[in-house]
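In case it helps, our numbering puts the sequence shown at residues 1 to 296.
C-beta atoms are modelled at their ideal positions from N, C-alpha and C, and glycine is treated no differently.
Keep in mind the model is a prediction, meaning the values are calculated, not measured.
Below: the structure, in structure tokens.
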Amino acid sequence: MRDDPMNTAGAERLHAVIAPDLPIAQLVIGKPVEEVAMLVPRLFNLCRSAQEAAVRLALDLPLAGDVQHALCADFARDHLMRLGIIVPRGLGIEPLPVAQGAAALLPEVMPASDTEFEEFLSGDDGFAPLFKALDEAFEAGEAIADLPAPAPGELMSRRACENSTAGRHLDHPLMQVVEARKGRGPLWRATARMLDLAACLKGEAPAPTRLADGTAMVPASRGSYVVKAAIADGQVAEFTRTTPTDHLMAPGGIMEQSLASLPPAKHHLAQVVIDILDPCTVVELRGGALGGLRNA
Numbered sequence: 001m002r003d004d005p006m007n008t009a010g011a012e013r014l015h016a017v018i019a020p021d022l023p024i025a026q027l028v029i030g031k032p033v034e035e036v037a038m039l040v041p042r043l044f045n046l047c048r049s050a051q052e053a054a055v056r057l058a059l060d061l062p063l064a065g066d067v068q069h070a071l072c073a074d075f076a077r078d079h080l081m082r083l084g085i086i087v088p089r090g091l092g093i094e095p096l097p098v099a100q101g102a103a104a105l106l107p108e109v110m111p112a113s114d115t116e117f118e119e120f121l122s123g124d125d126g127f128a129p130l131f132k133a134l135d136e137a138f139e140a141g142e143a144i145a146d147l148p149a150p151a152p153g154e155l156m157s158r159r160a161c162e163n164s165t166a167g168r169h170l171d172h173p174l175m176q177v178v179e180a181r182k183g184r185g186p187l188w189r190a191t192a193r194m195l196d197l198a199a200c201l202k203g204e205a206p207a208p209t210r211l212a213d214g215t216a217m218v219p220a221s222r223g224s225y226v227v228k229a230a231i232a233d234g235q236v237a238e239f240t241r242t243t244p245t246d247h248l249m250a251p252g253g254i255m256e257q258s259l260a261s262l263p264p265a266k267h268h269l270a271q272v273v274i275d276i277l278d279p280c281t282v283v284e285l286r287g288g289a290l291g292g293l294r295n296a
């Protein structure tokens with residue numbers, strides 16, 4: 001397993017471990033371009049539309065179908081499941097009525113001030129019960145990570161950065177309200193998912209792009225995927241891929257900082273932190289005030 005080291009001392013040290021990366025380059029180099037374009041999305045069963053678009057762009061192939069619509073549908077499904085079912089379950093509250101659809105759960109007007117956010121939290125409808133529970137579960141400064149947003153040309157590097165859903169909404173007034181209230185913690189990250197969900201219902205996911213050096217950059221529900229490839233005689237000669245989870249789990253990254261700033265008395269909420277950060281792989285939590293090893 002790949003370790004995410006922490007600076008917390010002794011038995012209180014809580015850290016996350018994930019499986020080693022799949023050796024994707026070894027699996028695709030030497031294969032025909034079209035075969036690789038079909039293979040890679042099948043190897044990774046999450047964010048399939050984003051993975052497919054990134055690979056096809058990197059291989060200089062035409063995108064298939066209405067990519068923008070497919071991305072928005074994927075994002076909306078992921079955010080609705082996480083905010084409506086997975087995170088409420090971790091907090092011990094009732095799942096939200098996701099069968100009503102995302103539009104029914106979103107506020108009619110998105111809060112844009114502290115007063116409006118307080119009013120939203122006092123409600124009983126839509127996403128309000130989840131956000132109230134998160135607001136009560138985590139104090140200011142708990143489970144936070146403060147990292148810079150990467151420039152497009154920096155995404156291929158696996159250095160720690162804010163390659164996340166939140167990174168798309170840093171300038172939104174509500175994100176700034178929540179950051180001032182609690183810091184860049186679970187409530188802030190859940191807010192980003194709600195904003196992303198609202199944008200997706202309007203078809204406003206960022207468009208896939210191909211940078212000047214041939215790197216494909218495609219948005220996903222967790223952040224942005226980047227893929228770079230070289231082709232020789234119709235076959236893939238080089239292939240590099242970096243995902244939001246690579247940045248999430250990087251040394252000093254969002255996962256490490258979030259767990260480091262979660263007080264030992266709240267290590268029982270580590271699962272909620274993991275559920276909101278949403279790495280696209282199985283995570284094991286080790287150590288901490290509860291001791292032992294837990295599968296997240």
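- Distance check between Leu197 and each of Pro107, Ile18, Ile93 places Pro107 closest, using alpha-carbon atoms only.
- In the displayed model, Ser157 falls within coil according to three-state DSSP, outside both helix and strand.
- Here the alpha carbons of Ala180 and Ser164 stand approximately 19 Å from one another.
- Around the beta-carbon of Ala104, fewer than 16 other beta-carbon atoms lie within 10 Å, marking it exposed.
- Under DSSP, no beta-bridge partner is assigned to Leu22.
- A contact is defined here as three or more CB-CB pairs under 8 Å, and the segment 139-148 fails this definition with respect to the segment 221-238.
- Looking at the backbone, the Cα of Thr281 and that of Ala207 are separated by about 25 Å.
- Under the three-state reduction of DSSP output, Ser224 falls in the strand class.
- Within 10 angstroms of the beta-carbon of Leu61 lie fewer than 16 other beta-carbons, which makes it exposed.
- For the 8 Å CB-CB criterion, Ala216 and Ala54 form a contact.
- Under the three-state reduction of DSSP, Gly287 is assigned to strand.
- For Phe239, the enclosing beta strand (DSSP E) begins and ends at 235-242.
- With 16 or more other Cβ atoms inside 10 Å of its own Cβ, His79 counts as buried.
- The three-state reading of DSSP puts Val40 in helix, counting H, G and I together.
- One Cα belongs to Pro129, the other to His267, and the distance between them is close to 22 Å.
- DSSP places Ile231 within a strand segment (E or B) once states are collapsed to three.
- The alpha-carbon of Asp275 is positioned some 33 Å away from that of Gly214.
- Per DSSP, the continuous alpha helix (DSSP H) segment holding Cys200 begins and ends at 186-201.
- A contact is defined here as three or more CB-CB pairs under 8 Å, and the segment 173-187 meets this definition with respect to the segment 105-124.
- The segment 84-102 and the segment 148-168 do not touch, with fewer than three beta-carbon pairs separated by less than 8 Å.
- Our two residues, Leu14 and Asp66, have alpha carbons roughly 43 Å apart in a direct line.
- Its Cα nearest to that of Asp74, the residue Gly223 stands out among Gly223, Leu211, Gln176.
- Within a 10 Å sphere around the beta-carbon of Ala151 sit fewer than 16 other beta-carbons, which makes this residue exposed.
- For the 8 Å CB-CB criterion, Arg210 and Leu63 do not form a contact.
- The continuous alpha helix (DSSP H) containing Asp114 extends over residues 114-121.
- Cβ atoms of Ser221 and Cys47 come within 8 Å of each other, at about 6 Å.
- Distance from the CA of Asp124 to the CA of Ala133, rounded to the nearest whole angstrom, comes to 11 Å.
- Bridge partners of Val218 according to DSSP: Tyr225.
- Counting of Cβ neighbours within 10 angstroms places Arg184 among the buried residues, the total reaching 16 or more.
- Looking at Gly287, Glu284, Asp278, the one whose alpha-carbon comes closest to that of Arg82 is Asp278.
- When C-alpha distances from Lys228 are compared across Ala16, Pro186, Val33, the shortest belongs to Val33.
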